[in-house]
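J.: Just so you know, we're using the working numbering here: the sequence shown kicks off at 14 and counts up by one.
From the three backbone atoms N, C-alpha and C, an ideal C-beta is built for every residue, glycine too.
Just so we're clear, the structure is a prediction, and the values are computed from it rather than from any experiment.
Please find one structure pasted underneath; my questions will follow.
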Amino acid sequence: MDMTFKGAARRLDDLDLPKLGARIGVGEDEIHAFLDVETSGHGFDAHGRPIILFEPHVFYRNLAGAARAKAVAAGLAYAKWGEKPYPRDSYPRLKAACAIDETAALRSASWGLGQVLGENFGAAGFATVQAMVEAMMADEALQLAAAVNFITASRLDGKLRKHDWAGFAKGYNGASYRKNAYDVRLAAAFRKWSAIKDSSPPAAAPVSMPQPPQPNGSTPAKAEPGKAGARPGPLSGPSSGSFSGFWAAVLAPLVAAILSLFRKSPSWFRKAKP
14 MDMTFKGAAR
24 RLDDLDLPKL
34 GARIGVGEDE
44 IHAFLDVETS
54 GHGFDAHGRP
64 IILFEPHVFY
74 RNLAGAARAK
84 AVAAGLAYAK
94 WGEKPYPRDS
104 YPRLKAACAI
114 DETAALRSAS
124 WGLGQVLGEN
134 FGAAGFATVQ
144 AMVEAMMADE
154 ALQLAAAVNF
164 ITASRLDGKL
174 RKHDWAGFAK
184 GYNGASYRKN
194 AYDVRLAAAF
204 RKWSAIKDSS
214 PPAAAPVSMP
224 QPPQPNGSTP
234 AKAEPGKAGA
244 RPGPLSGPSS
254 GSFSGFWAAV
264 LAPLVAAILS
274 LFRKSPSWFR
284 KAKP
């Protein structure tokens with residue numbers, strides 16, 4: 014794992030919100046409200062690293078034996094949430110924790126736009142916590158997709174659709190959500206975004222119709238507006254225009270009729286004996 018925690022750091026496109034929201038049957042207003050409360054709508058910090066919160070009580074439960082004792086002694090792990098205030102920057106503690114146990118440390122931080130806890134990498138759609146962290150380093154759209162996956166796996170999508178803010182807050186952030194007025198803030202953010210016009214989908218690009226294949230392998234000439242394209246092949250030369258085509262069409266049946274009559278009564282066409 015790259016301990017700088019810097020990747021491509023691609024930003025979210027406005028159209029990613031309605032696309033990902035549609036996967037769980039909500040609009041972009043619900044997604045905006047969720048992002049505002051979780052991370053103020055930003056997935057990366059000023060250094061291009063994913064926004065994180067390292068949780069010492071989670072690190073504690075992901076360790077055992079000598080590793081846990083070492084983390085406790087270093088002030089990186091403790092048994093209960095809220096025992097000590099969190100520093101503004103979680104990365105120094107995360108890096109120190111990785112030196113003790115990388116996987117346990119990555120599992121003990123909340124990541125990106127949706128602040129998905131590393132422990133929940135499977136519900137977020139990843140095979141390993143390392144894969145989840147690499148996605149978080151790469152793209153805010155992947156951060157949001159991970160949160161949407163977790164919401165679905167936790168069966169919280171219905172609560173979001175119904176605007177059951179308290180039910181959603183409890184399921185997403187735990188029973189202590191009231192301490193931070195998580196549900197109240199969600200409701201307020203949703204009201205704010207509901208008053209703002211949603212993003213417009215991009216205009217459809219003109220569709221180029223494919224040309225049919227030509228018998229001689231040539232490409233059809235481009236037609237002028239309102240006209241058919243030039244016909245390729247032997248009839249398109251200057252010596253055989255529409256005039257010759259006309260007489261060929263007229264004379265062909267006449268010649269065929271004469272030949273048929275000759276076959277039936279050849280004596281009509283012989284000279285009489287003197």
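1. Q156 and G56: beta carbons closer than 7 Å?
2. Would you tell me roughly how many angstroms separate the C-alpha atoms of D26 and R81, rounded to the nearest one?
3. Counting along the chain, where does the alpha helix (DSSP H) carrying F163 start and finish?
4. In the DSSP output, what is P63 paired with across the bridge?
5. Looking at the structure shown, is V288 part of a helix, part of a strand, or coil, going by DSSP?
6. Among residues of its own chain, excluding the 5 on either side of C111, which ones have a beta-carbon nearer than 6 Å to its beta-carbon?
7. Just how far apart, CA to CA, sit K93 and K210?
8. Going by alpha carbons, who is nearest to S167 out of Y104, R198, T141, N133?
9. Please report how far the alpha carbon of R191 lies from the alpha carbon of G138, in whole angstroms.
10. So what's A122 in DSSP terms, helix, strand or just coil?
11. Give me the Cβ distance between D29 and F203, rounded to the nearest whole Å; I'm assuming they're in contact under 8 Å.
12. Is the separation between the beta-carbon of A148 and that of L33 shorter than 7 Å?
T.: In this structure, then:
1. Here residue 156 is taken as the residue at index 143 of the sequence shown, counted from 1. Here residue 56 is taken as the residue at index 43 of the sequence shown, counted from 1. Against a cut-off of 7 Å, the Cβ pair of G56 and Q156 comes out as a contact.
2. Here residue 26 refers to the residue found at position 13 when the sequence shown is read from its first residue. Here residue 81 refers to the residue found at position 68 when the sequence shown is read from its first residue. Their Cα atoms are separated by approximately 41 Å.
3. In the sequence shown, counting from the first residue as 1, residue 163 sits at position 150. Counting along the chain, the alpha helix (DSSP H) containing F163 begins and ends at 153 to 166.
4. Here the question's residue 63 lines up with position 50 in the sequence shown. DSSP lists F57 as partners of P63.
5. Since the displayed the chain opens at 14 and closes at 287, residue 288 lies outside it and no answer follows.
6. For the purposes of this step, residue 111 is taken as residue 98 along the sequence shown, with counting starting at 1. The residues A118, in chain order, have a CB closer than 6 Å to that of C111 in the same chain once the five nearest residues on each side in sequence are set aside.
7. In the sequence shown, residue 93 corresponds to position 80, counting from 1. In the sequence shown, residue 210 corresponds to position 197, counting from 1. So the two alpha carbons sit approximately 43 Å from each other.
8. Start at 1 with the first residue of the sequence shown, and residue 167 comes out as number 154. When each option's Cα is compared against that of S167, the closest is N133.
9. To locate residue 191, count along the sequence shown from 1; it is residue 178. To locate residue 138, count along the sequence shown from 1; it is residue 125. Looking at the two C-alpha atoms, the distance is approximately 28 Å.
10. Locating residue 122 in the sequence shown gives position 109, counting from the first residue. The answer is strand: DSSP assigns A122 an E or B state.
11. Taking the first residue of the sequence shown as 1, we reach residue 29 at position 16. Taking the first residue of the sequence shown as 1, we reach residue 203 at position 190. Not really, about 19 Å apart at Cβ, beyond 8 Å.
12. Looking up residue 148 in the sequence shown gives position 135. Looking up residue 33 in the sequence shown gives position 20. No, they are not a contact pair.
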